[in-house]
Each structure stands twice: as structure tokens, then as C-alpha cells.
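Residues in the sequence shown are numbered consecutively from 159, following the working numbering.
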Amino acid sequence: MLQTDIVIIGGGIAGCIAAISLVDSYHVTLIDKLAEPKERIGESLAPAAQRILKELDLLEDIEREVGALYQQNLGMQSYWGSDQVHIVDHLRNPDGFVKNLDRKAFEGFLRTAAEKRGVHCIWDTKLYSSSYKSEWKIQVVSNDKNSKPFPIAASFVIDATGRQSHFAKSLGIKRQVVDKLIACWVSVPNTQENVMSTIAAGENGWWYSAVIPNNQRVVAFHTDADLIDKNELKTTESFLKLAQENKEIYDLLNVHNGSIKFHGTVAANSTKLEQVAGRQWAALGDAAVSFDPLSSQGMFNAMASAMQLSKLIKQLKFTDEVEKIYTQQTHQIWQHYIQHKSIFYKAETRWKNAEFWKRRHQDFKVFVTKNAVL
Ligand SMILES: Cc1cc2nc3c(=O)[nH]c(=O)nc-3n(C[C@H](O)[C@H](O)[C@H](O)COP(=O)(O)OP(=O)(O)OC[C@H]3O[C@@H](n4cnc5c(N)ncnc54)[C@H](O)[C@@H]3O)c2cc1C
């Protein structure tokens with residue numbers, strides 16, 4: 159049996175940052191079900207994330223890769239609450255510009271950094287089962303069809319499996335779900351000189367576009383899962399038809415009709431685990447709380463929660479105090495987030511009677527489910 163101090167399930171941003179931060183004090187094992195990161199949406203890295211990357215001595219290496227790993231985001235043009243464009247730039251932000259990441263390359267960079275720093279990484283392998291008897295015994299299994307589950311004994315388990323929160327779910331912990339937001343996204347070559355991101359509200363949701371490295375642009379439409387016929391989010395053609403409601407977005411897509419790459423629909427709703435930590439375990443990043451992409455804070459929160467937890471563990475070891483303090487911290491972040499989310503959505507009043515906006519102008523109702531993913 160493999161013996162380790164801390165096993166981290168999920169090698170996305172939260173899992174890698176936690177592993178890199180903990181490996182100077184503990185033997186850390188990091189597992190991820192994917193052999194390598196995949197293409198995904200979620201590219202705008204908040205300026206404050208740079209402080210964390212600097213603290214972990216990763217920033218210089220990232221900045222050397224400008225153009226490949228990221229490009230600077232000069233600002234955002236927003237059509238929110240009015241037909242008039244409103245420009246938000248980052249010129250005066252003391253932490254600098256937003257970084258628009260090549261998400262797959264960035265996650266690959268973090269995985270490599272974890273390996274180089276001495277984290278024991280096991281890729282292409284997923285959580286199978288877990289049990290606790292004075293320490294955790296985790297069974298994991300490789301994706302290879304012929305392989306059998308193998309055990310890892312650990313003093314502490316970190317669930318960094320994203321909004322599916324596989325480990326917490328296996329303990330029977332449910333999620334609070336606030337809304338039913340989904341995002342359908344495509345990518346296209348970028349040929350525009352204007353590389354600002356765009357956000358534009360519409361009657362049934364909102365549109366988003368950002369330029370990422372390698373002259374690519376992502377475009378996404380966000381709405382509630384129950385407010386749209388699934389066929390409208392099934393193909394490039396149906397996506398293009400929907401985009402006709404917004405001239406700016408439609409123009410970005412239509413010039414590249416023929417080279418639009420359709421990626422499909424992902425969950426983008428606000429959710430929180432009912433219990434984010436317990437006896438010698440804790441959930442990080444999206445596994446603990448998942449944010450609306452409107453906030454552009456998901457990756458920063460993944461990093462910040464990883465740093466918070468690793469500092470608590472280093473200070474308090476594997477005691478119950480870690481559970482108590484980390485739970486309070488996560489609760490505060492969630493309350494703060496929910497208030498801000500409400501303020502932003504209430505600022506858009508042009509379609510007060512449309513169901514999508516009506517839901518966001520009322521006090522939200524929380525429902526509890528087994529799954530965050532709709
Ligand atoms: C449409 C959309 C747009 C977004 N845009 C932005 C943005 O612009 N800026 C921003 O900051 N955030 C954005 N986000 C949010 C951001 O993508 C997430 O907050 C971030 O990915 C959370 O990182 P994580 O490491 O917690 O989880 P994830 O990135 O989900 O990583 C989880 C990892 O766990 C692995 N895993 C899952 N299950 C298992 C298992 N059973 N066993 C082993 N491994 C497992 C997965 O393979 C994955 O690598 C966006 C999200 C959406 C949906």
C-alpha cells in the first residue's frame with residue numbers, strides 16, 4: 159500500500175496549487191482522472207492571482223511564457239444595464255492586468271511544476287472508494303480497463319475534483335444549488351485588432367467573448383438549463399442562430415463561419431457543498447464552492463482556497479481546528495460572493511419580465527441536491 163501524508167484527488171488548478179504549496183512540509187500524492195489537461199473554457203485569471211503565483215515562485219516562469227501560456231487582457235467592453243458600451247480597464251490595478259490563459263497549457267504548466275517540486279503525481283487514475291479508520295484508506299483505479307483498484311493510506315484527504323466533488327459526494331455530502339446556469343461555448347480564430355473581452359446581456363441570458371493565446375477567441379452564451387430547448391445548444395448552426403440576437407457577438411462569429419469549433423455545454427451554476435471539511439479532509443476550489451462565470455473569480459478562488467487550507471494544515475497539523483477555521487473562512491467567502499452576484503445581476507433591468515432576469519432580481523432560493531452538474 160502506498161503511504162502518504164496528504165492525498166489530493168483532482169489535479170486541476172486547486173489541486174496543483176495545494177500540492178505545490180504543501181510539498182515542502184509533507185509527502186503529497188496528487189491524482190487526476192485525466193492523462194493530461196483538456197481544452198476548456200475559463201480563461202480570465204484575476205490580477206490578484208499573481209500574488210499567489212509569486213508566493214509559490216511560479217510567476218517568473220509563467221511570465222516568460224507570455225504568448226504561449228497567456229496574453230494580457232487590456233480590459234472589458236460591457237453592454238450590461240444599457241445599450242451603451244461601458245469600458246472597464248485594469249490600468250490602475252496594483253496587481254496588473256487580467257491574464258487570458260490558454261487554459262490547457264496553464265494546467266499542464268502547473269502539473270509539471272508539481273512534478274518538479276517532488277509531488278508524487280498519478281495521472282489517468284480516479285477515485286474508486288474511501289474509508290476511514292484512524293487514517294484514510296483511498297482506493298484509486300487507473301482508466302486502463304484491465305487495471306484493478308489500488309490502495310493509498312493517507313492522514314489527510316483533499317477533494318479538488320471540481321464541482322462534482324467526488325470524494326465529498328462519496329461521503330454522502332450534498333450540495334446547495336442556487337441557480338441553473340449553463341454555458342454553451344465555441345472557439346474561433348481571432349482576426350480583430352480590438353482584443354478587449356466583451357460581455358453583453360440579452361433577454362434570456364448573457365454573452366461573453368475573450369481572446370486567448372494563439373489568436374483564438376472563445377465565445378459563450380449563458381442561460382438557465384430549463385429556459386432553453388437543448389436543440390438550440392447542440393450545433394454550430396444553432397449557436398450561430400442564437401447569436402443573431404446580439405450584433406457584436408454575431409459579427410465576431412459570422413466572419414469565421416466555417417471555422418467555428420463547437421465545444422458544447424457545461425454547468426456554470428453557483429453551488430456550495432453543505433459541508434466543506436470534516437475529520438482529516440477538506441474540499442477546495444469548485445469542489446467546495448462554484449461561482450457564476452460572471453464573477454471571473456473561480457480560478458482565483460481555487461488558488462486562494464488551496465493556499466488558505468495549506469497554511470492552516472502547516473500551522474495546525476491535521477487537527478479538528480483546521481476543519482473549524484476552514485469551514486468559517488469558506489462560509490464568509492460564499493456569503494460575500496452571493497451578495498456581489500445579486501448586485502451585478504440586479505444592475506441589468508432591461509428585461510425585468512423575462513424569466514432569466516426575474517429569477518435574478520428576486521431573493522434566491524437554495525435547493526439541495528446530490529449533483530451540482532445539471
Ligand atoms: C463557462 C465557465 C467560464 C468560466 N470562466 C472563468 C474565468 O474567466 N475566470 C475564472 O477565474 N474562472 C472561470 N470559470 C471557473 C473556473 O473554471 C473554475 O473555478 C476552476 O476550474 C476551478 O478549479 P478546480 O481546480 O477547483 O476544479 P476543476 O478545474 O474542475 O478541476 C478538477 C480536476 O479534478 C479532476 N477529477 C474530477 N473527478 C475526479 C476523480 N473522481 N478522480 C480524480 N480526478 C478527478 C478533473 O479531471 C480536473 O482535473 C469558469 C467556469 C465556467 C463553467
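Each residue gets a CB set at the ideal place from its N, CA and C atoms; glycine is no exception.
Item	Value
If you draw a straight line from the alpha carbon of residue 407 to that of residue 413, how long is it in whole angstroms?	11 Å
Where does residue 200 sit, in a helix, a strand or coil, going by DSSP?	coil
Taking 7 Å as the cut-off, is the C-beta of residue 215 nearer than that to any heavy atom in ligand 1?	no
Can you tell me the Cα-Cα spacing of residue 479 and residue 233, whole angstroms?	41 Å
With a threshold of 8 Å on Cβ separation, who are the neighbours of residue 514 within its own chain once the five nearest residues in sequence on each side are excluded?	361, 362, 363, 381, 382 and 385
For residue 410 and chain C, any beta-carbon pair shorter than 8 Å?	Reference to chain C is not applicable here, since this structure consists of a single protein chain.
Please classify residue 524 as buried or exposed, where buried requires at least 16 other C-beta atoms within 10 Å of its C-beta.	exposed
At 4 residues or longer, what runs of the alpha helix (DSSP H) sit wholly inside the region 449 to 502?	456 to 474
Should residue 300 be listed as close to ligand 1, given that the test is whether its C-beta is under 7 Å from any heavy atom?	no
Just to confirm the assignment: which complete alpha helix (DSSP H) runs, minimum length 4, are found wholly within the region 380 to 417?	394 to 401 and 405 to 412
Measuring only from the beta carbon, is residue 424 closer than 7 Å to any heavy atom that is part of ligand 2?	Absent from the structure shown: ligand 2. Ligands present: ligand 1.
Counting only runs of 3+ residues fully inside the region 225 to 296, write out the beta strand (DSSP E) ranges in chain order.	228 to 231, 233 to 237, 244 to 247, 256 to 259, 278 to 280 and 283 to 291
Nearest to residue 459 by CA position, among 468, 178 and 448, is which residue?	448
Relative to the alpha-carbon of residue 115, which residue among 225, 489 and 163 has its alpha-carbon at the smallest distance?	Residue 115 falls outside the range modelled here, since the chain spans only 159 to 532, and no answer is possible.
Which partner residues of residue 187 appear in the DSSP bridge assignment?	165 and 278
Let me check one thing: in DSSP terms, what residues is residue 220 bridge-paired to?	Looking at the DSSP assignment, residue 220 forms no beta bridge with any residue, so it has no partner.
Name the residue from 170, 320, 334 and 434 whose alpha carbon lies nearest to the alpha carbon of residue 269.	170
Sorry if obvious, but does the Cβ on residue 201 come closer than 7 Å to a heavy atom of ligand 1?	yes
For my contact list, residue 440 and residue 434 are in at a C-beta cut-off of 8 Å; report their separation, rounded to the angstrom.	7 Å
Just curious, the beta strand (DSSP E) that residue 302 is in, first and last residue?	Residue 302 -> no beta strand (DSSP E), and no H or E assigned at all.
Going by beta-carbon coordinates alone, are residue 353 and residue 367 separated by less than 8 Å?	no
Where DSSP assigns a beta bridge to residue 342, which residues make up the other side?	379 and 423
Quick one: what's got a C-beta closer than 8 Å to residue 258's C-beta in the same chain, skipping five residues either side?	201, 202, 203, 228, 229, 230, 231, 355, 368, 369, 370 and 371
Out of 293, 292 and 288, which one is the CA nearest neighbour of residue 299?	288
Is DSSP giving residue 522 helix, strand or coil here?	coil
Return the first residue and the last residue of the alpha helix (DSSP H) that residue 175 is part of.	171 to 180
Return yes when at least one heavy atom of ligand 1 lies under 7 Å from the C-beta of residue 234, else no.	no
Decide if the region 180 to 191 is in contact with the region 326 to 337; the criterion is three or more beta carbon pairs, one per stretch, under 8 Å apart.	no
Give me the DSSP bridge partner(s) of residue 316.	166 and 440
Under 8 Å by Cβ, that's how I've got residue 495 and residue 454 pegged, so tell me the actual separation to the nearest angstrom.	The pair is not a contact, with the Cβ atoms about 12 Å apart (cut-off 8 Å).
Could you have a look at residue 331 and say whether DSSP puts it in helix, strand or coil?	coil
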